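Worksheet: one structure, shown below.
Protein chains: 4
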Amino acid sequence: MIDRSRGAALIADTGRGNEAAILNAALEAFGNSGFNGASMRDVARGAGTSLSNLYNYFPSKSRLLAEVLRHANTELYARVVRAVEDAGDAASPRMRDAVRAYVGFVVDHQVAMLVSASEVRYLQGPDRERLVAERDDTQSLIEQIVAQGVESGEFRTPYPADAARSILSLCAAIATWYRPDGRLSRGQLAEQHARYALALVEAPLPRHD
Amino acid sequence: MIDRSRGAALIADTGRGNEAAILNAALEAFGNSGFNGASMRDVARGAGTSLSNLYNYFPSKSRLLAEVLRHANTELYARVVRAVEDAGDAASPRMRDAVRAYVGFVVDHQVAMLVSASEVRYLQGPDRERLVAERDDTQSLIEQIVAQGVESGEFRTPYPADAARSILSLCAAIATWYRPDGRLSRGQLAEQHARYALALVEAPLPRHD
Amino acid sequence: MIDRSRGAALIADTGRGNEAAILNAALEAFGNSGFNGASMRDVARGAGTSLSNLYNYFPSKSRLLAEVLRHANTELYARVVRAVEDAGDAASPRMRDAVRAYVGFVVDHQVAMLVSASEVRYLQGPDRERLVAERDDTQSLIEQIVAQGVESGEFRTPYPADAARSILSLCAAIATWYRPDGRLSRGQLAEQHARYALALVEAPLPRHD
Amino acid sequence: MIDRSRGAALIADTGRGNEAAILNAALEAFGNSGFNGASMRDVARGAGTSLSNLYNYFPSKSRLLAEVLRHANTELYARVVRAVEDAGDAASPRMRDAVRAYVGFVVDHQVAMLVSASEVRYLQGPDRERLVAERDDTQSLIEQIVAQGVESGEFRTPYPADAARSILSLCAAIATWYRPDGRLSRGQLAEQHARYALALVEAPLPRHD
DNA sequence: AATGAATGAGAGTTCATTCAT
DNA sequence: CATGAATGAACTCTCATTCAT
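Residue numbers (this note's numbering), protein chains in the order written: chain A, 2 to 210; chain B, 2 to 210; chain C, 2 to 210; chain D, 2 to 210.
Written out as structure tokens, the structure reads:
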């Protein structure tokens, strides 16, 4: 059985010495204290290496953040793409599975989601632009599903241009309150938000019991 | 006519010297750079006073943040309460007006909303607890409306316990992307999100043109 | 009697707290270890204050160096100007007294002369340009005397355009080897270099005994 | 035809792998940034090798500086010795040719001259003493010429003990301002300084046109 | 209420150097 | 001989906060 516990590290071994340990420690530190509140010393401690050694891997704290966020985005995007591809052709199941995948990522990598949402602002220049572009890729996937559903008549939302953003806001917000020991299981959360998504685009909702 | 422009300061004169200027400067600084990224020097500069004078008004940076957030929350809560009170007895119009008010606050005080959402985490102890409690007050208002609507049969959501949180997440997220010169006006945004809210609770939606 | 001892600080009280102490400590530190070899901690220790307090007076190490050099240049220039003004109209005595004054400065503020000569290179931008311009002012004074002497026929050098620079090089070089307990007294050194200067411009030299 | 261009590296191949490249890169780095301002990484980059490989050739940054300076001094001394030996027996032509050779070195290896003059101070212990001794050898050569000229009556300076140092100061100072595209050619500069030298020792000067 | 000077702690980053390979 | 990874010390500079005035 796949380990979906919170401790599953976002970044697997990269084949370059301590790189993965540093990235994961950075993610944890930025998650705990925010980008500006976390120090490179914190990251080093978390990675079990020396402060100065961090700079053999990443030239600056900013670039370290950028790399962490890039890994998070890549994984998120990959999950959603895969889910959409496996979901057949109709808009509703595609939306449902895309949202399930997105929510799954949020739950599996809650800290990564939080850091992604709140610390991108501390990037500047090309690092920031790249990140924003990558994030837009994910949103575009959802936008296409909405457009498809509206065209096919499955979705009747009067706001087709805005619905995707709202859906993703809703899913991303899970990271701000989710607790693994909470009332809802991972699966229930995914179901719930899939239904929210369909409700937002004003698709016919299945009966519930 | 009321000034709803973005520049409208959140905190009006408090009758105590530079206090309002300091609070507004702090809001701006925390908004620009985050709590840990903004320095007391930044705040002092923004307020047009000296660094050390800040400490005649607030004993610490944390307390300064706490006060800023308290003002934001108070204003937000007040707006929503007033809207609900003025909205009659039925759940749907109450929800619609509550959301309109909430969105109005987000648009009028975008920075305050952003700071509220992202910097509470840097508070600790009683300051934090008070803030969270105040925020819960606002959410409780919405939860009551949802409960009322479910009971009356207007709302058919299978997730009555979670819908309020989702609605507020959606409204708060506006602050992360809204631009005054964007495609949607303040009023349109409020309408849109009112409809989102009703969709989420699975109320019958009015036809749209 | 005027104190011409080596310990006479270059910078007298500036009327602003520890400023003079910091400047003099910086001069000493830069003199001992060079600009890059001296640390701000060294300066702070020498000035009897804390490291961070340095930054209440000077915004950066570079600016601190710039200010030190500015004080040195100003004092040197003032001495030479005064000497020339008091020396009457003929080129030879003007040259002699200018050189005497310059040598006097080198002996009185040997470290300042050394730092001036060797650490300007670590300045950049406007600070550097200003310093170079100020230094050129002093050299221009000498160049004018040379030109005057050449025109009057007192000086017969075939290199009127270059002689001034050479004379000043010679005087400045004293700082690289002078020891207060050396063979030559301050006055003898001044005489010697005055004669060097006249020799370089090929003026008739007085008999010596 | 001998390449006297500025780009002519001071240190030719030493027959030991990258040694010459490292020494020349060190010279350049120390010239650009000073001993304390240049890093071993700078040197490695300039030499096209890895940082750690430097330590296969030189045990420390200090020793690297010492070796660079030793090469410079050796070359300078050799040039002056050869010139004096080839100049016949009379003091005046010997002085003239010695100065010409010295100036030639300064022009050919301006950076080496600058580094020699300003960075010896960062050496300590035996390295420093050896360097100073080697430098004194060159000065002694000039001192002997002065003594010879004074004894023969060619030179009438009242400061026979100090003239040599002044002459060398003058020549070395060229390195601080010389630009290959300047007003004076290499040969003219040599002539000029030869005349300066004779003027300083108060030898009869040839007429000039 | 208001200021400028002061401070200790800590920030990000670079350093010369070492070591295993 | 050559390398990349590693390290402890040190760097310049900024921080929140205090205090005397």
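For every residue, glycine included, the Cβ atom is placed at its ideal position computed from N, Cα and C.
In this text, all values refer to a predicted model and were calculated from it rather than measured experimentally.
Check	Outcome
Amino acids of chain C, ordered along the chain, whose beta-carbon sits closer than 9 Å to that of Tyr123/D	Ser34, Gly35 and Gly38
Buried versus exposed, by CB contacts within 10 Å (16 or more), Ala204/C	buried
Endpoints, the alpha helix (DSSP H) within which Gln193/A is located	Arg187 to Leu201
Reference Ala45/D; option with closest CA among Ala26/D, Phe36/D, Phe31/D and Gly38/D	Ala26/D
Residues, ordered as in the chain, of the region 179-208 of chain B that lie near chain A by beta-carbon distance below 7 Å	Gln193, Tyr197, Ala200, Leu201, Glu203 and Leu206
Option in Gln145/B, Val69/B and Glu86/B with minimal Cα separation from Arg131/B	Val69/B
Residue from Phe156/A, Ala88/A and Ala84/A whose Cα sits closest to the Cα of Phe106/A	Ala84/A
Alpha-carbon to alpha-carbon, Glu29/D and Ser38/D	Just to set this straight, residue 38/D is Gly in the shown sequence, not Ser. Their Cα atoms are separated by approximately 12 Å.
Partner residues on chain A for Tyr160/B, Cβ-Cβ distance less than 7 Å	Gln193
Run of the alpha helix (DSSP H) containing Gly105/C, from where it starts to where it stops	Ala92 to Asp109
CB contact flag (Ser167/B, Leu171/A, <7 Å)	yes
Within chain D, partners of Asp128/C - CB distance below 9 Å	Within chain D, no residue comes near Asp128/C; the closest Cβ sits about 16 Å away, beyond 9 Å.
Spatially closest choice to Gly47/B from Phe31/B, Ser119/B and Ile146/B, by CA coordinates	Phe31/B
Rounded C-alpha distance that separates Ala88/D from Arg101/D	11 Å
Residue range of the unbroken alpha helix (DSSP H) whose run includes Gly32/A	Glu20 to Ser34
Test item: CB-CB of Arg97/C and Ala195/C under 7 Å	yes
Buried or exposed by the 16-neighbour rule on C-beta atoms within 10 Å, applied to Leu124/B	buried
Neighbourhood of Leu52/C by C-beta, 7 Å cutoff - its chain only, sequence neighbours within 5 removed	Met41, Arg42 and Ala45
Simplified DSSP assignment, three categories, for Tyr123/C	helix
Chain-ordered residues of the region 58-71 of chain A with a beta carbon less than 7 Å from chain B	none
8 Å contact criterion, which Phe156/A and Ala92/A should meet: CB distance rounded	7 Å
Residues of its chain near Leu190/B, where Cβ-Cβ distance is below 8 Å and the 5 sequence neighbours each way are ignored	Val104, Val108, Ile175 and Tyr179
Beta-carbon proximity list for Tyr197/B, same chain, < 7 Å, skipping 5 on both sides	Leu171
Test: Leu239/C CB closer than 7 Å to a CB of chain D	Lying outside 2 to 210, the shown extent of chain C, residue 239/C is not represented and no answer is given.
Any chain D beta carbon closer than 7 Å to Ala45/C	no
Partners in chain C for Ser167/D, counting only beta-carbon separations shorter than 8 Å	Leu171, Ala174 and Tyr197
Buried or exposed (CB count within 10 angstroms, at least 16 for buried), Ala165/B	buried
Chain-ordered chain B contacts of Asp163/A [CB-CB under 7 Å]	Gln193
Cβ shell of Glu192/D (< 6 Å), same chain only, five flanking positions each side left out	none
Near-chain A residues of the region 100-119 of chain B (beta-carbon distance less than 9 Å), N- to C-terminal order	Ala118 and Ser119
Cβ distance (whole Å) where Thr158/C is taken to contact Leu201/C below 8 Å	7 Å
Any C-beta of chain D under 7 Å from that of Glu135/C	no
DSSP three-state assignment for Asp182/C, whether helix, strand or coil	coil
Which listed residue (Gly183/B, Ser63/B and Ser141/B) has its alpha carbon closest to that of Val81/B	Ser141/B
Nonlocal neighbours in the same chain, by C-beta distance under 6 Å from Pro161/B, ignoring five residues either side	Val147 and Val151
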